[in-house]
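Contents: one structure, followed by commentary.
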Amino acid sequence: MIELDNICKTYHIGEFQVHALKDISLKITAGEFVAIMGPSGSGKSTLLHLLGLLDTPGSGSYKLAGKEVSSLSGEKLAVYRNEFLGFVFQMFNLLPRLNARENVALPLVYSSDPESSNQSFPEELLKKVGLGDRVNHNPGELSGGQKQRVAIARALVKNPKVILADEPTGNLDSASAQEILGILQGLNKSGITIIMVTHEEILAGKAGRIIRLFDGKIISDKHTGNSTGATTGTVTGIPEELKVHGFNFSRIRNYFSQAIKSLVSSKTRSFLSILGILIGVAAVIAMLGLGTGAKEDVKKSFSSLGSNLLTIRPNWRKFRQVSAGSGSITKFTIADAEAIRKIPYVKRVSPNVSGRGRAVNGNRNWDTRILGVTPDHALIRAAEPVEGRFFNRSEMLSRSKVAVLGKTVVSELFENEDPIGKFIKINRINFRVIGLLPEKGATGWRDRDDEIVIPLNTAMYRVMGKKYVDYIDVEVADENMIETVQVEMHALIVKRHNIPENREDSIEVRNLAEIQEAISATVKTFSWLLGSIAFISLLVGGIGIMNIMLVSVTERTREIGLRKALGANNRDILLQFVIEAVVICLAGGLLGILLGTAISMVLAGFAGWTIKISSGSILLAFLFSVGIGLFFGLWPAKKAAMLNPIDALRYE
Ligand code: ADP
Ligand code: MG
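Here it is in C-alpha cells:
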C-alpha cells in the first residue's frame, strides 16, 4: 500500500537547516494500524504530512498503491487526498460556521465526480460515530470528543483507503480518547489503513504496529500482535489516471452560499466593507443621472428656442467699451428686416421689440416681459399656442390689442378661469387674450414662461413708443447654410448702416446652434467630472474590499489549509475568495443602486433638477461593482490559493 524509500526532508530557516526526516524507508501494507511515536520535534508530523501528500519530500521515493507520487503536480495530489486519504487533526479543524452535517460533507465539494457511488451520506456517518442527534449542531455546541467524531466522519465521507491522524486524542480527556480510539479500531477492522501519531503508550499499544522516531530517524519498528484489518491481498480501486475536477456549477453555488454565510456571520465587518462600494455605486448612479438629466434639459430648452435660428442684435457690450463720441449704437428698423428676408436661404424673419410692462386683471397685477413680434415668431421660436391662436399679419398691421400669454403670467393673473377671450390691461391699455404659449421651462435663472407676446406694431406704436426694433430673429432654410447666411447678414447690415470698419463688431449675429454646442460641451465636461469623482469613491471602496479580504485570508489560513487537505486545489481556493469579494461588491452594488436612485429622486423632488436614470447606468454600476470585486478580490484570493497546505495548517 505504502512504500517509502530513502525519504529526506529538510527545512530551511534562514541560514539554518533542520533535517526533519533523514533517510526514512518504510513499508505499510493495506489494512495495517500503525502508531507513530517519538519525542516532540522528532519528525512525526512531518512524516505524516508526507504520507498524506500534504507536503513533498526533498529526496527519495514514495509509492502509493504502486504509483510514484513524490513528483506529482499539486492538482493531482489534491485529487489523491480527496479520493483516497482521510485526515484527522489534533485541533479538529472543523469550520465553525458550518453545522456537523455540512462539515462532514465538505470533502464532497471537491470531489471530481459528485455523483460518484463511492461516497457515504453525512447523516449516516454521523449516526455511525454516535452523533445521529447532533446533525444540525454547530461545532461550538459540541464537546471535544464530539468534535473529533465529526472530524472522523468527515474523513470517512469519501470512503478513503487510508486515514492519517495526527495526535487525534491530544486535546481530549482519557474517556473520550478511548472512545475515539475505539472508533478508529473499528474502522481498521473494516479494512481501512490507519496511521496515527500519538504520545500515549496506552493508545499506541492498541495499534498493530508501533514505529518510533528520534531526530528524524526510525529507531524501532515492532508489531504488537494485536489483530488488525491487514490483508495480504493487493489494493484495488485506485485508477491509473486521476481526473482533476473541472468547472462545476454545484461547486460554484456552494462557494456563493458560503460567501453569503460568511457575510451574514460577521455583520459589522460586512456592513463596513459593503458601505464603501455602496456609497461609490450610489454616487455613480446619482451623478450619471444628474449628467444625463442636465443634457436632456439643455436639449429640451434649445428645441423650444427654435432650430436653425440666427439672431442679429446690437452688441451692447462692445458699444459700452468704445469711448463716447465714436458714434451711436446701431438701431435696426423694419426695413432692415425686409432686406434680410431677401438673402438666399432665409426662410422666415421676425423683427422684435422687448420691454417690461405691468399686466393687470381685476385686482391682480404682474410685472412681466412684453414681447412685440410678427406672426412668424410663432414658427421661428416654436411658440404656436397650445390653446387659442396666434395673431395674424393683418392684426399686426392694424395694431390690434391682442395678447398671447406665457404660462407663468396666466397663473399669476388668472385663478381657475379660462383666460382666452378675457381682457387684461397691459400698461393701462386693454388687451384681449387670444392664446396661451407652450411651456418652455427655465433656462438657468430666467423663467421663459414669464412673458406676454403682442403684435410688433402694437408694441412699437401703442405700448412702448419705439421707432426701432431691438433684434431680428432669422430662420435659415438649410442647416448647412447657417454660417453663410450669418456672414451675409452681417455684411448687409454693415453696408446698410454705413458702419465703419473698426466698428463692425458692434453688430452681433448669434448662432443658436453654436451656443447649444458650447453649453452641451460644458454640461458634458461637468458630467464627466462628477462621474469620475464618483468613480474614484468606488475605487476607494474597492481598496477597502481588498483590505478586508486580506485580513480575511490571514484569519482563515487554517481553513484554507484544511480545505486543501480535503482535496481543494489552488483554483478552488482562488475561486472561493474571489466569489466572496464579488458577493460583497454585488451586495454593495445592489444596495448602492437603490440608494443612488433614492438620492436622485430626492434631488429631483427638492432641488427641481431633472435626473434621468437609465437602465444603462444601472447596468454599468452593476458591472462595475462585480468588476471591482473581481479586481480587488483577485490579489488576496491569489495569496490564499498560494498558501502551502502544511504552513496553513500549522498556522496559529
Ligand atoms: P513532531 O511532530 O514530531 O513534534 P515535526 O515533524 O513537527 O515534529 O517537526 C520536526 C522538526 O522539523 C522540528 O525540529 C521542527 O521544528 C521542524 N519543522 C517542522 N515544520 C517546519 C517548518 N515549516 N519550517 C521549519 N522547520 C520545521
Ligand atoms: Mg507534531
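Each residue of the sequence shown is one higher than the last, beginning at 1123 in our numbering.
Beta carbons are placed, not taken as given, at the ideal position from N, Cα and C, and that holds for glycine.
Does the ligand ADP have even one heavy atom less than 7 angstroms from the beta-carbon of residue i?
i	result
residue 1208	no
residue 1140	yes
residue 1135	yes
residue 1769	yes
residue 1664	no
residue 1751	no
residue 1342	no
residue 1162	yes
Looking at residue i and the ligand MG, is the gap between the Cβ and the nearest heavy atom below 7 angstroms?
i	result
residue 1166	yes
residue 1177	no
residue 1288	yes
Leaving out five residues on either side along the sequence, give the residues of the same chain with a beta carbon under 6 angstroms from the beta carbon of residue i.
i	result
residue 1489	1480
residue 1771	1683
residue 1638	1424
residue 1392	1385
residue 1127	1147, 1182, 1183
residue 1311	1351
residue 1686	1767
residue 1777	Examination of residue 1777 is not possible in this model, given that the chain is present from 1123 through 1774 alone.
residue 1367	1234
residue 1537	none
residue 1543	none
Report the option in the options whose CA atom is closest to the CA atom of residue i.
i	options	result
residue 1632	1350, 1609, 1485	1609
residue 1644	1414, 1731, 1192	1414
residue 1430	1711, 1635, 1719	1635
residue 1518	1269, 1311, 1624, 1580	1580
residue 1167	1539, 1289, 1691	1289
residue 1814	1436, 1584, 1510	Outside the displayed range of the chain (1123 to 1774) lies residue 1814, so it cannot be described from this structure.
residue 1333	1200, 1186, 1169	1169
residue 1217	1764, 1272, 1613	1272
residue 1293	1210, 1335, 1691, 1343	1210
residue 1556	1753, 1574, 1655	1574
residue 1651	1412, 1251, 1383	1412
residue 1558	1434, 1505, 1582	1505
residue 1628	1746, 1452, 1161, 1756	1452
residue 1858	1695, 1468, 1593	The structure shown does not extend to residue 1858, since the chain is modelled only from 1123 through 1774, so no value can be given for it.
residue 1232	1397, 1713, 1691	1691
residue 1475	1455, 1464, 1465	1455
residue 1773	1387, 1460, 1124, 1215	1215
Excluding five sequence neighbours on each side, which residues of the same chain lie with their C-beta closer than 7 angstroms to the C-beta of residue i?
i	result
residue 1447	Legend: pLDDT at residue 1447 = 47, less than 50; position of this residue unreliable, no value from coordinates given.
residue 1279	1226, 1227, 1229, 1230, 1241, 1242, 1244, 1247
residue 1313	1153, 1351
residue 1497	1512, 1513, 1514, 1515, 1518
residue 1445	Low local confidence applies: a pLDDT of 48 at residue 1445 is under 50, so the model's placement there is unreliable, and no value is given.
residue 1301	1267
residue 1501	1470
residue 1419	1732
residue 1603	1467
residue 1253	1222, 1268, 1271, 1272
Please list, in chain order, all residues of the same chain as residue i whose beta carbon is under 8 angstroms from its beta carbon, the five residues on each side excluded.
i	result
residue 1758	1668, 1671, 1672, 1674, 1675, 1699, 1703
residue 1761	1672, 1675
residue 1748	1704, 1707, 1708, 1711
residue 1142	1131, 1132, 1133, 1165, 1168, 1338
residue 1660	1399, 1402, 1403, 1405, 1406, 1746, 1747, 1750
residue 1295	1266, 1267
residue 1521	1577, 1579, 1580, 1583, 1584
8 angstroms is my cut-off, CB to CB: does residue i come that close to chain D?
i	result
residue 1247	The structure shown contains no chain D; it is built from a single protein chain.
Discussion item. So within the stretch 1242-1290, which uninterrupted beta strand (DSSP E) runs reach at least 3 residues, ignoring any that extend past its ends?
Written reply: 1284-1288
Worksheet entry | Every unbroken alpha helix (DSSP H) inside the stretch 1382-1467 [4 residues or more] | Annotation note: the stretch 1382-1467 contains the following uninterrupted alpha helix (DSSP H) runs of length 4 or greater, listed N- to C-terminal: 1389-1425, 1438-1443, 1456-1463.
Discussion item. If we require 3 or more residues per run, which beta strand (DSSP E) segments fall completely within the stretch 1582-1647?
Written reply: 1593-1598, 1629-1633
Fill in: Every unbroken beta strand (DSSP E) within the stretch 1485-1524, with a cutoff of 3 residues, ordered by chain
1486-1495
Practice prompt. Pick out the complete alpha helix (DSSP H) segments inside the stretch 1676-1733, 4 residues or longer, and give them in chain order.
Written response: 1679-1687, 1692-1728
Worksheet item: Unbroken alpha helix (DSSP H) runs of length 4 or more, entirely within the stretch 1136-1212: which are they?
Response: DSSP runs (the alpha helix (DSSP H)) wholly in the stretch 1136-1212: 1166-1173, 1196-1206.
Practice prompt. Could you pull out every unbroken alpha helix (DSSP H) segment of at least 4 residues lying fully inside the stretch 1284-1327, listed in chain order?
Written response: 1296-1311, 1323-1326
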